[in-house]
Amino acid sequence: MQHPVGYRINEEKGRAELTDFWQVLTQNTALNQVFHSFAAAFLTGGAFMVGIAAFHLMRKKHIPVMRTSLRLGLVTLAVGGLLTAV
253 MQHPVGYRIN EEKGRAELTD FWQVLTQNTA LNQVFHSFAA AFLTGGAFMV GIAAFHLMRK
313 KHIPVMRTSL RLGLVTLAVG GLLTAV
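In my numbering, the protein residues as written are 253 to 338.
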């Protein structure tokens, strides 16, 4: 926990105990990290689509479908990259 919230220290047991689960889920850093993770997932998915489509286009297989997949993958890659950087 880089920004601990929603807990208290139990002196008897010597450990931190959760007191407010909702506070943990809605802290500012958690919300930013979720957005960043979703954007990175789009980035990864776009890169995967581009790689598969490029592989099939190099082999000259399924050309019409792979051109569409390549375009969609490039758009997804660009959007994911921009959102991840933000």
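For each residue, glycine too, the CB sits at the ideal point set by N, CA and C. Note that the structure is a prediction, hence the values are computed from the model and not measured.
Inclusion of Q275 and G258 in the CB contact set at 7 Å is warranted, their separation being smaller than that value. Its chain contains L295, G298, A299, V302 as the residues whose beta carbon lies nearer than 7 Å to that of L329, once the 5 sequence neighbours on both sides are disregarded; these appear in chain order. By the neighbour-count definition (other C-beta atoms within 10 Å, threshold 16), M318 is a buried residue.
With contact defined as three or more Cβ pairs closer than 8 Å, the segment 254 to 271 and the segment 305 to 325 are not in contact. Per DSSP, E264 has no beta bridge partner at all. For V257, there is no enclosing alpha helix (DSSP H), as DSSP gives it neither H nor E.
Take T281, set aside five residues on each side of it, and the residues of its chain with a beta-carbon closer than 7 Å to its own are Q254, H255, in chain order.
Selection F290, A292, G325, A293 evaluated against F307 yields G325 as nearest (Cα-Cα).
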